[in-house]
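J.: Before I ask anything, here is the structure I am working with.
There are 2 protein chains.
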Amino acid sequence: MKEPLTQNIQDYLKTIYELGEDGDSASTTALAARLGIAPASVTGMLQKLAAATPPLVDYRKHQGATLTTEGERAALEVIRHHRLLETYLVTILGYSWDNVHEEACRLEHVISEEFEARIAAALGHPQRDPHGEPIPTPELVMPPDASQPLSALRPGQKARIVRVQASDPALLRHLDSLGLTPGAQVEALDYSPYDQNLTLEVGPAPAPPRVIGVAITRQIFIEIIK
Amino acid sequence: MKEPLTQNIQDYLKTIYELGEDGDSASTTALAARLGIAPASVTGMLQKLAAATPPLVDYRKHQGATLTTEGERAALEVIRHHRLLETYLVTILGYSWDNVHEEACRLEHVISEEFEARIAAALGHPQRDPHGEPIPTPELVMPPDASQPLSALRPGQKARIVRVQASDPALLRHLDSLGLTPGAQVEALDYSPYDQNLTLEVGPAPAPPRVIGVAITRQIFIEIIK
DNA sequence: ATTCTAATTTAGTCTAACCTAAATTATTTT
DNA sequence: AAAATAATTTAGGTTAGACTAAATTAGAAT
Chain A
3 MKEPLTQNIQ
13 DYLKTIYELG
23 EDGDSASTTA
33 LAARLGIAPA
43 SVTGMLQKLA
53 AATPPLVDYR
63 KHQGATLTTE
73 GERAALEVIR
83 HHRLLETYLV
93 TILGYSWDNV
103 HEEACRLEHV
113 ISEEFEARIA
123 AALGHPQRDP
133 HGEPIPTPEL
143 VMPPDASQPL
153 SALRPGQKAR
163 IVRVQASDPA
173 LLRHLDSLGL
183 TPGAQVEALD
193 YSPYDQNLTL
203 EVGPAPAPPR
213 VIGVAITRQI
223 FIEIIK
Chain B
3 MKEPLTQNIQ
13 DYLKTIYELG
23 EDGDSASTTA
33 LAARLGIAPA
43 SVTGMLQKLA
53 AATPPLVDYR
63 KHQGATLTTE
73 GERAALEVIR
83 HHRLLETYLV
93 TILGYSWDNV
103 HEEACRLEHV
113 ISEEFEARIA
123 AALGHPQRDP
133 HGEPIPTPEL
143 VMPPDASQPL
153 SALRPGQKAR
163 IVRVQASDPA
173 LLRHLDSLGL
183 TPGAQVEALD
193 YSPYDQNLTL
203 EVGPAPAPPR
213 VIGVAITRQI
223 FIEIIK
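See the structure below:
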């Protein structure tokens, strides 16, 4: 009954969680795209996860899947591992923020609860990872995050970057070079409704304005200042 | 051609290396016992490993297996990972020496070369792990080790413990409580040829003599002093 | 040299996950 | 409302790695 979940299943649950964060259920195709496998394979797995004891997902044909309480626990456990690992790799082992994702993806499935506890303690029980993503608590509660996408910022508004929802190394290096990292302040100078480009001043001091496309501004999350 | 080896295959190669360290080839049964699987399964895998391109083992029916150069490289890579990880877990993360084995066994297959390099650097490129086992160099050369089993020590001889070849947590805790850890000095006070028990004084100071059976003394390796 | 035993191999299954191709259902457009 | 398109599911097949049971071979003992 309490068989440990395979790494594969952990990846499915994690991905279903991430796709479901904005409220809706995770579709077969979206899962297939994220996991890099054929949609037919996803269908098979969702049927299996829904039929497991206890069930890990709620699944109805053509309706996609959402996590059960059990499934969510498992997903949050993996996500906690992943984000603690990313933090550890950057903070203690000196990795750069753009190449921790892959390593954490492999490690997240194999570390023990003791390992988790020890790195959390070594890091001083951090609340967020190097990309600003909140780290679930040891009790597997996801801290609330009220940030909104940078794409919603409008001229005259100032904001602080809270998190960057990206894992592609090249993109992360690009953002780093622009100064678009968690904690940075930005002010919207201009917005073009036609292409949704946002012109930003990044940082506190006299900085050259940057024009950023929506493909990027949708992946950056902010809190508006005052 | 350069497909990455599965974790399973890595475990086979590592185990074949360990069983072959004393010269002879690794038998089907010995492998099955170590890996906790049925002998028939081992036969199948050995055939596969011998048929791989490049071949990872030399295998002849009923003769057991030895590693090819390729197979040995892969084995040493895994062993280097394992021993560096054990060292890191004990030295940096504060694990006790008796419970690092399992964790390292899971991690050894998934860490990157970058991870390996960073923990090696953080540890100052150690030569031996917490049990005294030599750590293969980054070029995958196993450092020579001239130690001999404690079971060969005879009354009047003094020795320093170099390595402890054991992974069972209960045994390791027991050895720790006896002071039988790498670096410790021992002197043989008595030897019983009938049961091969060795009576030892452990440590430098006035210590109570300990009578140790051969099941233990064969797993501890020493260098005789002067 | 023969017999016995222990080790090993063969043969045939099983499970987890994946795949492709074909069939079906849902959704959008006409 | 019907047709076209897109999403999803079904069906059938593959691979890795394990299993059991039966057959064989090697080595030891008579």
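Chains A and B, in that order, are what the protein sequence lines are. Under the numbering used here, think of the first position of the first sequence as 3, with each following residue one higher. Under the numbering used here, think of the first position of the second sequence as 3, with each following residue one higher. Cβ coordinates follow ideal geometry from the N, Cα and C atoms, glycine included.
If I measure Cβ to Cβ from residue 148/A and keep anything under 8 Å in the same chain, skipping five residues before and after, which residues do I get?
T.: 225
J.: Work out the CA separation of residue 100/B and residue 107/A for me, nearest whole Å.
T.: In this structure, the CA atom of residue 107/A is about 27 Å from the CA atom of residue 100/B.
J.: I want to see whether chain B comes within less than 8 Å of residue 114/A, judged by CB atoms only; does it?
T.: yes
J.: So, is residue 68/A buried or exposed, given that buried needs 16 or more other C-beta atoms within 10 angstroms?
T.: buried
J.: For residue 43/A and residue 29/A, what's the separation of their Cα atoms in angstroms?
T.: 13 Å
J.: Is the beta carbon of residue 192/B closer than 8 Å to that of residue 157/B?
T.: Result yes, Cβ atoms of residue 157/B and residue 192/B sit closer than 8 Å.
J.: On the CB-based measure, 16 or more other CB atoms within 10 Å of its CB, does residue 115/A come out buried or exposed?
T.: exposed
J.: Apart from the five residues just before and just after residue 171/A, which ones in its own chain have a Cβ nearer than 6 Å to its Cβ?
T.: 100 and 101
J.: Within 8 Å (strictly less), CB to CB, does residue 201/A reach chain B?
T.: no
J.: Which complete alpha helix (DSSP H) runs does the stretch 159-213 of chain B hold, if anything under 4 residues is left out?
T.: 171-180
J.: Residues of chain A with a CB under 9 Å from the CB of residue 109/B: which are they?
T.: 109, 112, 113 and 117
J.: Considering only the alpha carbon of each residue, which of 166/A, 14/A and 120/A lies closest to residue 50/A?
T.: 14/A
J.: Using DSSP bridges, identify the partner residues of residue 117/A.
T.: The partner list for residue 117/A (beta bridge, DSSP) is empty, contrary to what the question assumes.
J.: I'd like the ranges of any beta strand (DSSP E) spanning at least 3 consecutive residues and lying wholly in the stretch 5-50 of chain B.
T.: none
J.: Using a cut-off of 8 Å between C-beta atoms, extract the partners of residue 95/B located in chain A.
T.: 117, 120, 121 and 124
J.: Span of the alpha helix (DSSP H) holding residue 80/B?
T.: 71-93
J.: Kindly say whether residue 3/B, judged by its beta-carbon, lies nearer than 8 Å to any beta-carbon of chain A.
T.: Its pLDDT being 47, under 50, residue 3/B is placed unreliably in this model, and the coordinates cannot settle the point.
J.: Can you pull the DSSP bridge partners for residue 136/A?
T.: 130/A
J.: Could you say which of 95/A, 59/A, 56/A and 88/A lies nearest to residue 129/A if we only look at CA atoms?
T.: 88/A
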